[in-house]
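Numbering (this note's numbering), first residue to last: 580 to 989.
Glycine is no exception: its CB is placed at the ideal position from the N, C-alpha and C atoms.
The structure appears below as structure tokens.
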Amino acid sequence: MSAPTIGMQFSYKSDDPFPVSEGDLSKVVVIDSSDDASGTEFPIDTAKRISSSDKDAVAALGTGPLRDHIRGIQDQLNQLDRSADVTIVRAEKGATPEASAAAIAAIINSITEIPTAVNATPGIVVAGSTAWRPDLDTVSPVVADLEANIGKILAVAPVDVDPTSADNAIDARETMASGRLMPVGVAARVWEGDAVVTRPMASRVAGLIVRADTNNGNMPFETICNEPIFGLAGLSRKIPFNFLDGSKEGQRLLAADVAIAAEGEIGVYGAVADGGFTFLGTDMAQTDAMWPQLHQLRGSDYIVTQMMKITRRHLGKKMTAQRVESWVREIIGELRGLKQNEHILGYTPASEMFTADKNQPESIELGHIKLEIGQETASAFKRADFELRRYRPATEGLIKDILARLRAVV
């Protein structure tokens with residue numbers, strides 16, 4: 580287009596601050612087998628996205644593990660008409676536990692292909708066969724592949740470990756070193772028809788994560804610890820727990836980063852609740868990580884995904900002071916909003932994000948900019964320590980009160 584000799588022109592600039600849409604880390608992917616699932620609706624090794632409240636889709640899953648996983652998630656979404664955004668990947672059920680686990684592991688190895696297939700990136704992974712191990716010295720192939728792959732999509736995974744005893748659960752946790760896995764050391768007992776059966780707990784924990792996000796404005800900065808688990812007939816075993824006694828089995832499991840569920844008890848000091856079943860767990864399977872707690876890691880992941888969306892529209896554009904300022908302003912605006920809503924405690928000021936020592940002329944000439952961004956997410960409230968002592972001023976006040984009263988006596 581040529582400029583008019585007499586007339587006017589309009590130009591549109593793209594280097595002003597620009598808001599981005601909110602992220603969503605609440606989407607779930609469920610990977611497991613189901614013998615009698617519909618081959619048409621859910622072909623083997625094919626990702627399909629559904630709503631957890633879609634009765635027809637759930638019915639097409641058959642009666643196997645996949646359907647129970649969806650039920651476990653949906654049972655936790657007990658307010659209004661809520662449901663989860665779930666992607667199902669049906670694995671081939673093998674003739675042996677080894678074969679079934681291998682089929683699930685193979686899907687996990689290609690988990691980075693799922694977002695493109697369904698136009699949604701899952702932030703929560705539920706996989707079958709995590710509690711199965713060929714022996715006490717060998718890691719589950721599913722767990723091994725979860726550790727190797729879910730960080731590629733910034734996801735977390737509650738994983739079932741051996742629920743038969745505390746020692747076996749802790750032994751299984753000791754095979755893990757990923758800050759993206761949350762071991763769960765007890766299984767669920769649920770009604771199926773007129774029978775009570777044992778089912779994995781991990782999908783119920785995934786439902787708790789979705790519920791916490793939903794109750795927090797769809798933001799992943801809230802904990803799921805000390806929250807009720809719904810839809811249970813019981814637990815695979817009763818785990819002794821008391822808030823006052825660190826020697827109890829439940830406390831030992833928590834100290835080993837194994838999450839549990841505990842039964843409520845009326846009239847018992849230190850009981851987790853008066854009734855129902857309560858989930859307890861905060862930490863992941865890598866305690867020396869920068870963000871050791873589930874909500875801290877997911878909050879950090881959320882910020883990373885927002886930084887991606889903010890930055891991508893600036894890439895490839897001419898690097899000017901105006902553009903860099905707009906870029907940083909967008910980042911600050913995102914972090915400011917998180918702080919104002921108490922999702923984070925604070926963040927690095929804009930004046931400290933871009934520093935000369937981290938941005939040498941040689942780097943700038945190559946089009947490379949480095950920002951140093953810090954943010955702090957509050958820890959879960961894990962223990963209250965009280966110091967109790969006598970309060971002498973109260974006695975002194977009593978003495979003064981007595982003296983004042985006696986002065987009025989004639």
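According to the Cβ coordinates, are residue i and residue j closer than 8 Å?
| i | j | result |
| --- | --- | --- |
| residue 639 | residue 621 | yes |
| residue 665 | residue 607 | yes |
| residue 843 | residue 855 | yes |
| residue 696 | residue 682 | no |
| residue 734 | residue 742 | no |
| residue 904 | residue 889 | no |
In terms of residues, what are the limits of the alpha helix (DSSP H) holding residue i?
| i | result |
| --- | --- |
| residue 859 | Per DSSP, residue 859 belongs to no alpha helix (DSSP H); it is in the beta strand (DSSP E), 856 to 859. |
| residue 644 | 644 to 654 |
| residue 722 | 720 to 728 |
| residue 816 | That residue, residue 816, is in no alpha helix (DSSP H); it is neither H nor E in DSSP. |
| residue 833 | 828 to 834 |
| residue 932 | 929 to 932 |
| residue 784 | 781 to 794 |
What is the DSSP secondary structure of residue i, reduced to helix, strand or coil?
| i | result |
| --- | --- |
| residue 979 | helix |
| residue 630 | strand |
| residue 612 | strand |
| residue 974 | helix |
| residue 737 | strand |
| residue 639 | coil |
| residue 886 | helix |
| residue 913 | helix |
| residue 878 | helix |
Ends of the beta strand (DSSP E) at residue i?
| i | result |
| --- | --- |
| residue 769 | 767 to 771 |
| residue 694 | Here residue 694 belongs to no beta strand (DSSP E); instead the alpha helix (DSSP H) covers 693 to 697. |
| residue 841 | 839 to 842 |
| residue 667 | 664 to 670 |
| residue 777 | 774 to 778 |
| residue 684 | Taken as a continuous stretch (DSSP letters only), residue 684 belongs to no beta strand (DSSP E), being part of the alpha helix (DSSP H) at 676 to 688. |
| residue 745 | Element bounds for residue 745: not the beta strand (DSSP E) but the alpha helix (DSSP H), 745 to 752. |
| residue 703 | 703 to 706 |
Report, in whole angstroms, the separation of the C-beta atoms of residue i and residue j, which I expect to be a contact under 8 Å.
| i | j | result |
| --- | --- | --- |
| residue 737 | residue 763 | 5 Å |
| residue 858 | residue 654 | Not confirmed; about 13 Å, so no contact. |
| residue 615 | residue 644 | Wrong, their Cβ atoms sit about 11 Å apart, outside the cutoff. |
| residue 730 | residue 759 | 6 Å |
| residue 779 | residue 767 | 7 Å |
| residue 782 | residue 652 | 5 Å |
| residue 662 | residue 680 | Actually they are not in contact, since the Cβ atoms of residue 662 and residue 680 sit about 29 Å apart, beyond 8 Å. |
| residue 872 | residue 959 | 6 Å |
For residue i, count neighbouring Cβ atoms within 10 angstroms of its own Cβ and tell me buried if that reaches 16, exposed if not.
| i | result |
| --- | --- |
| residue 920 | exposed |
| residue 656 | buried |
| residue 794 | exposed |
| residue 633 | exposed |
| residue 717 | exposed |
| residue 624 | exposed |
| residue 922 | buried |
| residue 980 | exposed |
| residue 953 | exposed |
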